[in-house]
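Residue numbers (this note's numbering): 1 to 340.
The beta-carbon is built from N, C-alpha and C at its ideal position, and this holds for glycine as well.
None of these values were measured; they are calculated from a predicted model.
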Ligand SMILES: [Fe+2]
């Protein structure tokens, strides 16, 4: 909160003094939905390498509302957030600006960045299947689609449809299979749920471990966090399930990103670009991805040991902008099929 006040004050000063030398001040202001411990060490490296100071407001919600209400007076130069739907939502709301950078285009595969340059993926996560090792045979698992089959009735744990990760997963389904098939799938999953959707991704794995369901769906990094957790309950829950990569003979497992974007109001645009470029570089990629059990967005970067032990999955190669395009459809489908 104190940092937020300082930022707001700094912005007021920048607005009041429009002297060019002040505008060139070597700093960059960041709004972040990513936790401090995930990014502070890399930001420190960036500061050391470039001499550009990074001021960060860490938030859990309300970033878009804040950027909208601040308008062109926003002190934020860049944002860090998770999920393609959030990045797309910020673009849609007009609070971002397109940037172009050869370095970003070469570090980040086209699939993981906006074709118009409004947002850039920095880490990759997948949303996959976990199965109770003592009750499910891996050979009985194949695809996301198969989980909608009545043979899984009463066996699936998955969180609420208000969650953006689920919305993006269904949006990808709409993009691949069309609205009708995606709706049938969502209805099938809703019919196969072991309980009313509740809790976060980790709670689904815990429920599968406790025998409430046989199958849990969740993002990969939560599994990594549980496997390495100091909390005995989380660790033992993770040990009772195994990860299954769906659709490996087809389009691959559903992927999503955390990413960054430059705000429309950016007063330190060059520094904001420099920072995002740094986050996409070899130096930052390995730490940034490993610190949260994610996959680096840049190909060829070493993967964290816990994550590497899950195997070498085939990921869905669809452009995430195409997934974002179907977000609104996904939300409507969830509503129609009664997935609460
Ligand atoms: Fe998450």
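Anticipated Cβ contact below 8 Å, residue i with residue j, distance rounded
{"i": "residue 388", "j": "residue 175", "result": "Here the chain has residues from 1 to 340 only, and residue 388 is not among them."}
{"i": "residue 260", "j": "residue 120", "result": "6 Å"}
{"i": "residue 202", "j": "residue 221", "result": "Not quite, the Cβ-Cβ distance comes to about 10 Å (not below 8 Å), so this is no contact."}
{"i": "residue 82", "j": "residue 33", "result": "6 Å"}
{"i": "residue 182", "j": "residue 333", "result": "6 Å"}
{"i": "residue 342", "j": "residue 265", "result": "Residue 342 lies beyond the stretch modelled for the chain, which goes from 1 to 340, so this question has no answer here."}
{"i": "residue 122", "j": "residue 280", "result": "6 Å"}
Per DSSP, the bridge partner or partners of residue i
{"i": "residue 215", "result": "131 and 156"}
{"i": "residue 53", "result": "27"}
{"i": "residue 143", "result": "The partner list for residue 143 (beta bridge, DSSP) is empty, contrary to what the question assumes."}
{"i": "residue 262", "result": "78 and 97"}
{"i": "residue 193", "result": "156"}
{"i": "residue 331", "result": "Per DSSP, none; premise fails for residue 331."}
{"i": "residue 171", "result": "In the DSSP output, where bridge partners are listed per residue, residue 171 has none listed."}
{"i": "residue 242", "result": "131"}
{"i": "residue 296", "result": "123"}
{"i": "residue 257", "result": "124"}
{"i": "residue 32", "result": "58 and 80"}
{"i": "residue 315", "result": "253"}
{"i": "residue 113", "result": "120"}
Of the listed residues the options, nearest to residue i (C-alpha basis)
{"i": "residue 56", "options": "75, 69 and 50", "result": "75"}
{"i": "residue 283", "options": "142, 44 and 115", "result": "44"}
{"i": "residue 128", "options": "329, 252 and 161", "result": "252"}
{"i": "residue 63", "options": "87, 48 and 42", "result": "87"}
{"i": "residue 109", "options": "334, 299, 242 and 309", "result": "299"}
{"i": "residue 25", "options": "53, 231 and 73", "result": "53"}
{"i": "residue 185", "options": "148, 165, 205 and 219", "result": "148"}
{"i": "residue 287", "options": "38, 59, 314 and 137", "result": "38"}
{"i": "residue 246", "options": "297, 193 and 146", "result": "146"}
{"i": "residue 85", "options": "335, 330 and 337", "result": "330"}
{"i": "residue 292", "options": "178, 41 and 27", "result": "41"}
{"i": "residue 137", "options": "167, 244, 154 and 118", "result": "244"}
{"i": "residue 165", "options": "115, 219, 80 and 273", "result": "219"}
{"i": "residue 58", "options": "153, 248, 102 and 31", "result": "31"}
{"i": "residue 106", "options": "310, 278, 317 and 339", "result": "278"}
{"i": "residue 79", "options": "263, 35 and 325", "result": "263"}
{"i": "residue 77", "options": "274, 36, 229 and 258", "result": "274"}
{"i": "residue 132", "options": "211, 90, 118 and 180", "result": "211"}
{"i": "residue 124", "options": "35, 47 and 256", "result": "256"}
Cα-Cα separation between residue i and residue j, rounded to whole angstroms
{"i": "residue 67", "j": "residue 95", "result": "7 Å"}
{"i": "residue 327", "j": "residue 199", "result": "22 Å"}
{"i": "residue 294", "j": "residue 307", "result": "7 Å"}
{"i": "residue 276", "j": "residue 172", "result": "26 Å"}
{"i": "residue 319", "j": "residue 113", "result": "8 Å"}
{"i": "residue 142", "j": "residue 213", "result": "18 Å"}
{"i": "residue 163", "j": "residue 190", "result": "15 Å"}
{"i": "residue 302", "j": "residue 285", "result": "9 Å"}
{"i": "residue 140", "j": "residue 188", "result": "17 Å"}
{"i": "residue 209", "j": "residue 71", "result": "47 Å"}
{"i": "residue 195", "j": "residue 126", "result": "23 Å"}
{"i": "residue 232", "j": "residue 93", "result": "43 Å"}
{"i": "residue 241", "j": "residue 100", "result": "43 Å"}
{"i": "residue 134", "j": "residue 60", "result": "37 Å"}
{"i": "residue 27", "j": "residue 270", "result": "10 Å"}
{"i": "residue 249", "j": "residue 69", "result": "47 Å"}
{"i": "residue 103", "j": "residue 155", "result": "46 Å"}
{"i": "residue 236", "j": "residue 98", "result": "45 Å"}
{"i": "residue 272", "j": "residue 315", "result": "29 Å"}
{"i": "residue 226", "j": "residue 234", "result": "5 Å"}
{"i": "residue 178", "j": "residue 111", "result": "20 Å"}
{"i": "residue 207", "j": "residue 338", "result": "22 Å"}
{"i": "residue 157", "j": "residue 204", "result": "5 Å"}
{"i": "residue 65", "j": "residue 151", "result": "44 Å"}
{"i": "residue 341", "j": "residue 153", "result": "Past the boundaries of the shown model lies residue 341; the chain is included only from 1 to 340, so the question cannot be answered."}
{"i": "residue 390", "j": "residue 160", "result": "A query on residue 390 cannot be resolved here, the shown segment of the chain reaching from 1 to 340 and no further."}
{"i": "residue 335", "j": "residue 197", "result": "13 Å"}
{"i": "residue 9", "j": "residue 167", "result": "With a pLDDT of 44 at residue 9, under the threshold of 50, the modelled position of this residue cannot be trusted, and the question is left open."}
{"i": "residue 321", "j": "residue 51", "result": "34 Å"}
{"i": "residue 268", "j": "residue 115", "result": "23 Å"}
{"i": "residue 304", "j": "residue 35", "result": "19 Å"}
Heavy atom of ligand 1 within 7 Å of residue i beta-carbon
{"i": "residue 219", "result": "yes"}
{"i": "residue 82", "result": "yes"}
Proximity test, residue i beta-carbon vs ligand 3 heavy atom, cut-off 7 Å
{"i": "residue 52", "result": "Ligand 3 is absent from the structure shown, which contains only ligand 1."}
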